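K.L.:
In the working numbering, the protein residues as written are 444 to 994. Glycine included, each C-beta is placed from N, C-alpha and C at the ideal position. No experiment lies behind these values; they were computed from the predicted model shown. What follows is a structure written as structure tokens; I'll ask about it next.
Below, the structure is given as structure tokens:
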């Protein structure tokens, strides 16, 4: 691809300058919201422009202002988009989170952001109340879709609030905080500025191939940065509408295919796990002809799935790569040859390379760090900093490069190939899971002396969470204890993080300095699963697909 220069004005606000512009056309569709019964409900850009003004007015009346942090924990409800736009319009800083967060997870996020407000549903409000006495910064609680003592009801309050145009923000003012998955420590706070949505021109217009009037379905929850990528900024900067399936719970491939047939989205974005499950269905029974573009992100998609999907739909799934810290930075772009299994080629607005530890660019075929050049100019859409963590921010810089923490190889044609995550993060069924939080939850149990958590290959989820556990004196390994530990982790942190397999071991491999060698455990798991696939003896650990497992 050629180069692309994204023009960033000195002053820019996504709500005021993009959404309000599309809202000048009273009938321009912004969303098709699908309820639990599968019925679609259209919403216009004008709806979101007007509602977000009232959200901004409500928040200002409650003392929330420019630069204040607000934790937002909502499912795929229309209110999530209204709230996000209202906060951006006001110049406040939303910090979205998944509805799976526990009270302890919420406490960490409220304390770290020094949030003055939380906007969530009734279940989230109950979790916040359990830790509210430990949150001195928290002044305002707004509950969506329910009532709770001490909380303001969203629907009535917004309906009665004055319309507020919001603030004129600079493009380099803080706009949004997302939390990373937390690998070597607790999750970091990724701070994006108001130019971030403009960077998603690459995500929406180029990678997803979106045009005004398109209907784009991103199969992602609102708590992850992928929602900002493909459910908010990317499509709406391009003038496309988003399709949102409200129904929570376990992914249902038959419902997904039926909704494509019924509502006819023009493009689909989903993690590899979703495509792997979809191709197991009889695709020829569904009319998928509306799809013009299909993309995937999160981990490389195996070529067999790409082939099966193309045979059924005529559309090639195009992988893309990015992080919470970035917009789409590497992808298989429309109109260019796709190499199945490859991340693709760099985005046209950025320079991406494979570098060594000194920041020297490596030749094709050599494994190194995937890096993005930030000097002399930072690509539009790259995060500003890890908020309140100058050391963490500096650690990601080597010379003129931002080091992503991922390892890769570039081939002779300039296509990038993903090797692994340098920071040990686990990607399971599209969820990003940091081992540190799972290990911390495990060692809180009196039976656990030490624990190490790694990714274990899985044919459906890509990877599952596998825990190696050293027991404390007086405890003996058993299936019952493994299940007890799994349930303990589900209670202590978000349920999707629990280890689906637990293996009791006498000790853990460590470096001379005492750090756990997760790479050795990962390799052990890779060999074991490969043996099992080949029919050899390979059983280890406690499988965890018991009833009620989430993920």
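Name the two residues that bound the continuous beta strand (DSSP E) containing residue 916.
P.N.:
Looking at the DSSP string, residue 916 is not in any beta strand (DSSP E), and its letter there is neither H nor E.
K.L.:
For the beta strand (DSSP E) holding residue 816, just list the boundary residues, first then last.
P.N.:
Where residue 816 is concerned, the enclosing beta strand (DSSP E) stretches over 811-816.
K.L.:
So, at 8 Å on beta carbons, what are the nonlocal neighbours of residue 955 in its own chain, with the 5 sequence-adjacent residues on each side left out?
P.N.:
Caution is warranted here: a pLDDT of 46 is assigned to residue 955, below 50, making its placement in the model unreliable, and the coordinate value is therefore given only provisionally. Closer than 8 Å at Cβ, skipping near neighbours: no residue.
K.L.:
On a CA-only basis, which of 661, 520 and 597 is nearest residue 691? Give me that one, please.
P.N.:
Measuring from the Cα of residue 691, the nearest candidate turns out to be 520.
K.L.:
Where do the N-terminal and C-terminal ends of the beta strand (DSSP E) with residue 792 fall, by residue?
P.N.:
No beta strand (DSSP E) holds residue 792; DSSP gives it neither H nor E.
K.L.:
Taking only runs that begin and end inside the stretch 946-979, name each unbroken alpha helix (DSSP H) of 4 or more residues, in chain order.
P.N.:
Counting whole runs of 4 or more residues, the stretch 946-979 contains the alpha helix (DSSP H) stretches 961-976.
K.L.:
Taking its Cβ as the centre, do 16 or more other Cβ atoms sit within 10 Å of residue 705, making it buried, or is it exposed?
P.N.:
Classification for residue 705: exposed.
K.L.:
Grouping DSSP H, G and I as helix and E and B as strand, with all else coil, what is residue 617?
P.N.:
Three-state DSSP puts residue 617 in a strand.
K.L.:
Which first and last residues belong to the alpha helix (DSSP H) in which residue 486 is found?
P.N.:
Unbroken run through residue 486 is the beta strand (DSSP E), 483-487; no alpha helix (DSSP H).
K.L.:
Bridge partners for residue 871 per DSSP, in chain order?
P.N.:
Paired residues: 874.
K.L.:
If distances are taken between C-alpha atoms only, which option among 793, 481, 742 and 825 comes closest to residue 447?
P.N.:
Looking at the Cα atoms, 793 is the closest of the given residues.
K.L.:
Does residue 727 come out as helix, strand or coil in the three-state DSSP assignment?
P.N.:
Note: residue 727 maps to helix in three-state DSSP.
K.L.:
With burial defined as no fewer than 16 other Cβ atoms inside 10 Å of the residue's Cβ, what is the status of residue 577: buried or exposed?
P.N.:
Exposed, by the Cβ-count rule.
K.L.:
By DSSP, does residue 571 sit in helix, in strand, or in coil?
P.N.:
In this structure, residue 571 counts as helix in the three-state DSSP scheme.
K.L.:
Counting along the chain, where does the beta strand (DSSP E) carrying residue 893 start and finish?
P.N.:
Where residue 893 is concerned, the enclosing beta strand (DSSP E) stretches over 891-901.
K.L.:
If you reduce the DSSP assignment to three classes, tell me which class residue 556 lands in.
P.N.:
Helix at residue 556.
K.L.:
Looking at residue 913: is its Cβ nearer than 8 Å to the Cβ of residue 948?
P.N.:
Contact flag set, yes.
K.L.:
Compute the distance between the beta-carbons of residue 829 and residue 669, then report whether it is under 8 Å.
P.N.:
No. Outside cutoff.
K.L.:
Return the residue from the list 601, 823 and 517 that minimises the CA-CA distance to residue 493.
P.N.:
When only C-alpha atoms are compared, the closest one is 601.
K.L.:
Where do the ends of the beta strand (DSSP E) carrying residue 922 lie?
P.N.:
Taken as a continuous stretch (DSSP letters only), residue 922 belongs to no beta strand (DSSP E), being part of the alpha helix (DSSP H) at 922-935.
K.L.:
Label residue 641 either buried or exposed according to how many other C-beta atoms from any shown protein chain fall within 10 Å of its C-beta, with 16 as the threshold for buried.
P.N.:
Label assigned to residue 641: buried.
K.L.:
Residue range of the beta strand (DSSP E) that residue 752 falls in?
P.N.:
No beta strand (DSSP E) holds residue 752; the alpha helix (DSSP H) holding it covers 746-756.
K.L.:
Contact check, residue 604 vs residue 753 under 8 Å by CB: the rounded distance?
P.N.:
Not quite, the Cβ-Cβ distance comes to about 49 Å (not below 8 Å), so this is no contact.
K.L.:
I need the DSSP call for residue 626, collapsed to helix, strand or coil.
P.N.:
Caution is warranted here: a pLDDT of 46 is assigned to residue 626, below 50, making its placement in the model unreliable, and the coordinate value is therefore given only provisionally. In the structure shown, residue 626 sits in coil (DSSP, three-state: anything other than H, G, I, E or B).
K.L.:
Kindly provide the ranges of any alpha helix (DSSP H) runs that are 4 or more residues long and lie completely inside the stretch 452-524, ordered along the chain.
P.N.:
Listed in chain order, the complete alpha helix (DSSP H) runs (minimum 4 residues) inside the stretch 452-524 are 488-504.
K.L.:
In three-state terms, what does DSSP make of residue 447?
P.N.:
It is coil, neither helix nor strand.
K.L.:
Residues in the same chain with beta-carbon distance under 6 Å from residue 612, minus the five sequence neighbours each way, listed in chain order, please.
P.N.:
Excluding positions up to five away in sequence, the list reads 456, 534 and 637.
K.L.:
DSSP state of residue 943, grouped into three classes?
P.N.:
Coil, per DSSP.
K.L.:
With 16 other CB atoms within 10 Å as the buried threshold, where does residue 796 fall?
P.N.:
Buried.
K.L.:
Can you find the residues in the same chain that come closer than 7 Å, C-beta to C-beta, to residue 626, ignoring five residues on each side of it along the sequence?
P.N.:
Low per-residue confidence applies at residue 626: pLDDT is 46, beneath 50, and the placement is therefore not dependable enough to give any value.
K.L.:
Roughly how many whole angstroms lie between the Cα atoms of residue 884 and residue 922?
P.N.:
Going by the C-alpha atoms only, they are around 19 Å apart.
K.L.:
On the DSSP bridge list, what partners appear for residue 760?
P.N.:
DSSP, once it has assigned bridges, lists 737 as partnering residue 760.
K.L.:
Which full runs of the alpha helix (DSSP H) of 4+ residues lie inside the stretch 651-703, going along the chain?
P.N.:
Entirely contained in the stretch 651-703, the alpha helix (DSSP H) runs reaching 4 residues are, in chain order, 677-681.
K.L.:
Helix, strand or coil: how does DSSP classify residue 638 here?
P.N.:
Coil.
K.L.:
Cα separation between residue 658 and residue 708?
P.N.:
About 5 Å.
K.L.:
Kindly indicate the opening and closing residues of the alpha helix (DSSP H) around residue 601.
P.N.:
Segment 597-603, the alpha helix (DSSP H) holding residue 601.
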